[in-house]
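Q: To convert, note that position 146 of the sequence shown is 269 in our numbering; the numbers rise steadily by one, no gaps.
Built from N, CA and C at the ideal position, the CB exists for glycine as well.
Computed from a predicted model, the values in this text were never measured in an experiment.
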Amino acid sequence: MTEYKIALVGFGGVNRGLAQLIATSNDSWQATLGFSLKIVGVTDLFLGSLVDRNGLDAAALAALPAEKGAFAQLPGGTAEAFNETVIKQSGADIIAEATFTNPVDGEPAATFCRWALESGIHVVTTNKGPIALHGAELKALAQRHNVAFEYEGAVMSGTPVIRLAKQALAGAQIQGFEGILNGTSNYVLTRMKDGLSFADAVAQAQQLGYAEADPTADVEGYDVRLKVVILANELLDARLSVSDVTCSGISGISASDIVKAQATGQCWKLIGAASKAADGAVSASVEARLLPLEHPLAGISGAINAVSFDTGLLGAVTVSGPGAGRIETAYALLSDIIALHTTHRQ
Ligand SMILES: NC(=O)c1ccc[n+]([C@@H]2O[C@H](COP(=O)([O-])OP(=O)(O)OC[C@H]3O[C@@H](n4cnc5c(N)ncnc54)[C@H](O)[C@@H]3O)[C@@H](O)[C@H]2O)c1
Ligand SMILES: N[C@@H](CCO)C(=O)O
124 MTEYKIALVG
134 FGGVNRGLAQ
144 LIATSNDSWQ
154 ATLGFSLKIV
164 GVTDLFLGSL
174 VDRNGLDAAA
184 LAALPAEKGA
194 FAQLPGGTAE
204 AFNETVIKQS
214 GADIIAEATF
224 TNPVDGEPAA
234 TFCRWALESG
244 IHVVTTNKGP
254 IALHGAELKA
264 LAQRHNVAFE
274 YEGAVMSGTP
284 VIRLAKQALA
294 GAQIQGFEGI
304 LNGTSNYVLT
314 RMKDGLSFAD
324 AVAQAQQLGY
334 AEADPTADVE
344 GYDVRLKVVI
354 LANELLDARL
364 SVSDVTCSGI
374 SGISASDIVK
384 AQATGQCWKL
394 IGAASKAADG
404 AVSASVEARL
414 LPLEHPLAGI
424 SGAINAVSFD
434 TGLLGAVTVS
444 GPGAGRIETA
454 YALLSDIIAL
464 HTTHRQ
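1. Which whole-angstrom value is the C-beta distance of T248 and V209, which I expect to be below 8 Å?
2. Consider the C-beta atom of N177 and the heavy atoms of ligand 2; say whether any pair is separated by less than 6 Å.
3. When every heavy atom of ligand 1 is checked, does at least one fall within less than 6 Å of the C-beta of D323?
4. Check each residue's C-beta against every heavy atom of ligand 2 and list, in chain order, those closer than 6 Å.
5. When you measure from the CB of G135 to every non-hydrogen atom of ligand 1, does any distance come out below 6 Å?
6. Can you pull the DSSP bridge partners for V405?
7. Kindly examine ligand 1 and report whether one of its heavy atoms sits closer than 6 Å to the Cβ of L287.
8. Distance check for R176 and S119, CA to CA, integer angstroms please.
9. I427 by DSSP, collapsed to three states: which one?
10. Rounded to a whole number of angstroms, what is the C-alpha to C-alpha distance between A215 and G164?
11. Does DSSP put V278 in a helix, in a strand, or in coil?
12. What number of angstroms, rounded off, separates the C-alpha of T234 from the C-alpha of A397?
13. Could you give the DSSP three-state label for Q266: helix, strand or coil?
14. CB-CB under 7 Å to V368, same chain, minus the five flanking residues each way: which ones, in chain order?
15. What residue range does the beta strand (DSSP E) around V227 cover?
16. Curious, which full-length beta strand (DSSP E) runs of at least 3 residues does the segment 345–421 contain?
17. Using only alpha-carbon positions, find the residue among T155, G444 and G403 that is nearest to L420.
18. Which residues in the same chain have their Cβ closer than 8 Å to the Cβ of S172, if we skip the five residues on either side of it in sequence?
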């Protein structure tokens, strides 16, 4: 039976969710998945860091109060985030990277991934920045060092859309996609329909763990833009940069716009889309669109996301599921570990 040593980089909602899953389910994973996980290190800008090669108590970590420097309360812990030490010297086989997404340059998360991959350590991440902005470089680095670089949670959280499209739809000739790819903005639009103000709906999405550290990324479309770049480059063989994708968000949509849409049998949705022309050129956009209520994406509410792939052989194939959430996204990290266990088992 395999036991992977894992270090958690960033200990906010997602990696805390992973610690919770490990605390409750590790024993059953031995039987059902063929491996278990031992947390050997954890580091967070706000909480500090901690290494124990014999294994940390996942339940105690998950229950730790989110107070500045909290890891210093635990034996061997410190209030400082020694990221490089935890990544390179905790003895980890796998790094779970879940720090803030930086939509401008993907740093410092991209550097954390580089440190791990160059050290021969697998990386699983939910962070969109390193993949959208440095994906080709990091994938090549992983390949050179014969380790995995997996990022299923970067698009649609725990809903396995990247692997599904790359593997199960590999022969279906994907020509484009359109989708609701941000949980926060879809939650906000849904709650505004219920009468909540824009600001209160954003605050609720933050409380529920859906929003980015700076929710501007959610409501102005920047988060969806990263996801569109990731999907287009993965599935349409595009070489898009963020600046290739036109982008606007939902902050200009007022309560009265929502009421007017309802009165005319329509609804507002933030749609990320890309399509490939006959000459291979890929165009992509992020924008709020008015959809008729019978549109397949019109009924997608709350933090649920959905993407509809336009395929040559099957027509439209639509997948929906959680687009955000702590445990939902922690599941994506587990699914990445399941994938690397299949591809890189010694
Ligand atoms: N929450 C979701 O629903 C969701 C879904 C998919 C993807 N993601 C992505 O996953 C990542 C984590 O999300 P989250 O909800 O846990 O965020 P979060 O804000 O709750 O936690 C991020 C943690 O990273 C820490 N951190 C930030 N910069 C750091 C640094 N330089 N070094 C060490 N620690 C650092 C912060 O202190 C914070 O505790 C983000 O990139 C987010 O975009 C989140
Ligand atoms: N803030 C993002 C998290 C998932 O990437 C969202 O709301 O969709």
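A: Here's the rundown:
1. Between the beta-carbon of T248 and that of V209 there is about 15 Å, and that puts the pair past the 8 Å contact cut.
2. Every heavy atom of ligand 2 is 6 Å or more from the Cβ of N177, so no.
3. Distances between the C-beta of D323 and the heavy atoms of ligand 1 are all 6 Å or more.
4. Cβ atoms closer than 6 Å to ligand 2 belong to S280, N305, G306, T307, Y333, A334, E335, D341, D346, G446 and A447.
5. The answer is yes for G135.
6. Answer is K399, bridged to V405.
7. Checking the Cβ of L287 against ligand 1 gives no.
8. Absent from the model: residue 119. The displayed extent of the chain is 124 to 469, so no value can be given.
9. In the structure shown, I427 sits in a strand (DSSP, three-state: E or B).
10. Straight-line spacing of the CA atoms in A215 and G164 works out to 8 Å.
11. In this structure, DSSP gives V278 a state outside helix and strand, which the three-state scheme calls coil.
12. If you take the alpha carbons of T234 and A397, they lie about 29 Å apart.
13. Shown here, Q266 sits in a helix according to DSSP, grouped into three states.
14. Within the same chain, R348, V351, V352, A407, S408 and V409 come within 7 Å of V368 by CB-CB distance, once the 5 residues on both sides are set aside.
15. V227 -> no beta strand (DSSP E), and no H or E assigned at all.
16. Entirely contained in the segment 345–421, the beta strand (DSSP E) runs reaching 3 residues are, in chain order, 368–370, 389–399 and 405–415.
17. With distances taken between CA atoms, L420 lies nearest to G444 out of T155, G444 and G403.
18. Only residues of its own chain outside the window of five on either side were considered, and among them G164, V165, T166, F194, G200, T201, E203, A204, F205, N206, T208 and V209 have a CB closer than 8 Å to the CB of S172, listed in chain order.
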